[in-house]
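Working notes for the structure below.
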Amino acid sequence: GGWWYTFGAALFVLFLLQVLTGLFLLFYYEPTIERARESVLYIQQEALLGWAVRGFHYWNMVLLVALVGIHLLRTFVSAAYKAPRELTWVLGVLLLLLMVATAYTGVILRWDQAAYFDLVVGLRITELTPVVGPWLAELWRGGEVINPHSLLRTFAFHIFLFPLTLLAVALVHIGLVVLLGQYGSWINYEPDQSGAPLTEEQAASRRKLEEELLDPKSRKVNLPARTTFFWPFHVFKEGVVTFGFFLLDLLLVLWFAAPIEGPVDPATTEYAPASIWFFLFFDQALLLFAGTWLVPAANVVPLLMVLTLALWPWLDSGSEVRPSGRLASLAFMLALIGVIFTFAFMAASRIYNFEFINHP
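Quick note, the working numbering runs 559 ahead of the 1-based positions in the sequence shown.
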């Protein structure tokens with residue numbers, strides 16, 4: 560299962576690239592409602608290689624959100640959330656939420672028509688949150704209506720609050736992985752039925768791990784059926800996967816320019832707002848459950864989904880780790896993914912006139 564455990568280096572490299580491109584953008588970006596969009600256009604059209612840097616920053620964000628989601632899905636399917644790694648899983652869910660929040664606030668910073676309506680929707684959802692919602696929305700907005708402080712505070716969230724929190728959570732997450740001393744998941748611990756002899760490097764690696772297991776200070780509780788040294792074998796796999804994601808990033812930059820729409824016009828009745836791709840399912844849910852069901856659709860149901868996902872290690876606390884013995888867990892994940900993708904396709908069909916679903 561070695562190739563399934565190669566996303567760490569890719570996440571690190573893409574995150575580092577995101578920070579570096581973000582620093583470049585800070586040299587030109589002006590977080591004011593009068594100049595934000597114009598400064599983005601300057602980066603895109605006039606700054607030296609600005610189109611490429613902004614393209615990397617945009618598509619990098621898309622890949623980071625997708626990669627964290629894939630990493631979380633792999634962890635779920637392989638039961639790597641079970642004891643003693645419950646907190647590691649919870650922090651992984653939190654990392655996904657922080658990544659989405661960072662991406663969402665970044666979209667608003669370009670302050671075009673799409674960004675304005677994304678902010679309107681975000682503020683409305685925040686307002687609908689019971690008890691603290693109105694206070695949080697006013698704190699974010701900086702007043703009773705959208706004003707220059709709204710963009711400035713979103714800018715602060717994007718470049719300070721969310722990235723620093725994300726970095727802190729990521730460090731604790733990685734620290735727990737090292738501290739707990741676990742090796743992967745059921746893929747690694749399944750008994751070796753092949754009967755094939757261990758290769759020389761596998762045998763040497765196993766002897767080393769057996770010595771670690773005998774160490775009284777070791778937190779490792781068992782050994783995988785087969786394993787190899789981190790260097791150079793696993794590092795090679797990490798490098799291949801990381802290069803693959805970087806190449807995909809580069810191709811997206813060359814083929815698709817980072818989007819920028821027209822100036823903000825709050826009074827327009829002709830513009831059809833389109834959410835960023837990972838919010839399409841949410842956009843459709845708000846449309847389907849407007850009116851009486853708006854508050855549950857905007858707050859209660861998403862909160863329950865996130866809490867259920869975060870608390871899953873305790874909801875599925877048995878010793879069974881094989882997928883064939885965890886059909887209820889896999890059914891839950893498939894249902895969750897199915898709902899998200901169905902709603903996203905419905906939204907795409909409505910917004911972009913795709914023929915995924917025929918509307919009456």
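Using N, Cα and C, we set each Cβ at its ideal position, and we do this for glycine too.
Q | Simplified DSSP state of Gly743, which is helix, strand or coil | A | Unreliable placement is indicated for Gly743, whose pLDDT of 49 sits below 50; the coordinate value is still reported in the next sentence. Of the three classes helix, strand and coil, the one that applies to Gly743 here is coil, per DSSP.
**Q.** His708, enclosing alpha helix (DSSP H) - first and last residue
**A.** Pro707 to Ala715
Q. Going by the CB atoms, is the gap between Phe574 and Leu632 shorter than 8 angstroms?
A. no
Q) For Ser883, which option in Gly609, Leu585, His616 and Ser637 has the closest C-alpha, if you only look at C-alpha atoms? A) Minimum Cα distance to Ser883 is reached at Ser637.
Q: Keeping to the same chain, check which residues put their C-beta closer than 8 angstroms to that of Phe721; ignore five residues upstream and five downstream.
A: Leu657, Ala660, Thr661 and Thr664
Q. Whose CA, out of Thr713, Arg644, Ile592 and Ile684, lies closest to the CA of Val737?
A. Arg644
Q. Mind checking Ile896: buried by the 16 CB within 10 Å criterion, or exposed?
A. exposed
Q: Along the alpha helix (DSSP H) that carries His630, what are the first and last residues, could you check?
A: Gly609 to Val636
Q. Count the other CB atoms within 10 Å of the CB of Glu797; is the residue buried (16 or more) or exposed (fewer)?
A. buried
Q) So the alpha helix (DSSP H) Val812 belongs to, where does it begin and stop? A) Val794 to Trp814
Q: Could you round the C-beta distance between Phe615 and Val800 to whole angstroms and report it? I think they count as a contact, below 8 angstroms.
A: Going by Cβ atoms, the distance from Phe615 to Val800 rounds to 18 angstroms, so no, they are not a contact pair.
Q. What's the C-alpha gap between Val691 and Asn858?
A. 12 angstroms
Q | Contacts around Gln843, its chain only, beta-carbon distance under 8 angstroms, and the 5 residues preceding and following it disregarded | A | Phe902, Ala903, Met905, Ala906 and Arg909
Q | Residues of its chain near Ala595, where Cβ-Cβ distance is below 8 angstroms and the 5 sequence neighbours each way are ignored | A | Tyr588, Glu589, Leu668, Arg669, Trp670 and Leu710
**Q.** Residues near Pro689 in its chain [Cβ-Cβ closer than 8 angstroms; skip 5 each side]
**A.** Val854 and Asn858
Q) Short check: CB of Ile819 to CB of Leu600, under 8 angstroms? A) Their beta carbons are under 8 angstroms apart, which means Ile819 touches Leu600 by this criterion.
Q: Would you check if the stretch 602-617 and the stretch 722-736 touch, i.e. whether three or more CB-CB distances between them fall below 8 angstroms?
A: no
Q: Please state if the CB of Leu570 and the CB of Leu626 are separated by a distance shorter than 8 angstroms.
A: In this structure, Leu570 lies closer than 8 angstroms to Leu626 by Cβ.
Q: Output the residue ranges of the alpha helix (DSSP H) runs that lie fully inside the stretch 848-911 and measure 4 residues or longer, sorted by chain position.
A: 860-869, 871-874 and 886-911
Q: With a threshold of 16 other CB atoms inside 10 Å of the CB of Ala808, please say whether the residue is buried or exposed.
A: According to the sequence provided, residue 808 is Asp. The question's Ala does not apply to it. Per the 10 Å Cβ criterion, buried.
Q) Which of helix, strand or coil does DSSP assign to Phe583? A) helix
Q) Are the beta-carbon atoms of His732 and Leu654 separated by less than 8 angstroms? A) yes
Q | Host alpha helix (DSSP H) of Phe719 (start-end) | A | Taken as a continuous stretch (DSSP letters only), Phe719 belongs to no alpha helix (DSSP H), as it is neither H nor E.
(Q) Buried or exposed, going by whether 16 or more other CB atoms sit within 10 Å of the CB of Gly609? (A) buried
Q) The alpha helix (DSSP H) with Ala673 in it runs from where to where? A) Gln672 to Glu686
Q.
Please classify Asn706 as buried or exposed, where buried requires at least 16 neighbouring CB atoms within 10 angstroms.
A. exposed
**Q.** Given Ala673 as reference, the closest of Val860, Ala894, Leu839 and Ala833 once Cα atoms are compared
**A.** Ala833
Q | Candidates Ala715, Ser598 and Ala568, of which the one nearest His630 by Cα | A | Ala568
Q: Count the other CB atoms, across all protein chains shown, that sit within 10 Å of the CB of Ala512; report buried if there are 16 or more and exposed otherwise.
A: As shown, the chain starts at 560 and ends at 919. That puts residue 512 outside it, with no answer to give.
Q) CB Gly702 to CB Arg712, shorter than 8 angstroms? A) no
Q: Take the Cβ of Gln881 as the centre, count every other Cβ of all protein chains shown within 10 Å, and call the residue buried at 16 or more, exposed below.
A: The sequence as given places Arg at residue 881; Gln does not occur at that position. That one is exposed.
Q. Can you tell me the Cα-Cα spacing of Glu749 and Leu735, whole angstroms?
A. With a pLDDT of only 47 at Glu749, under the threshold of 50, the placement of this residue in the model should not be trusted, and no figure is reported.
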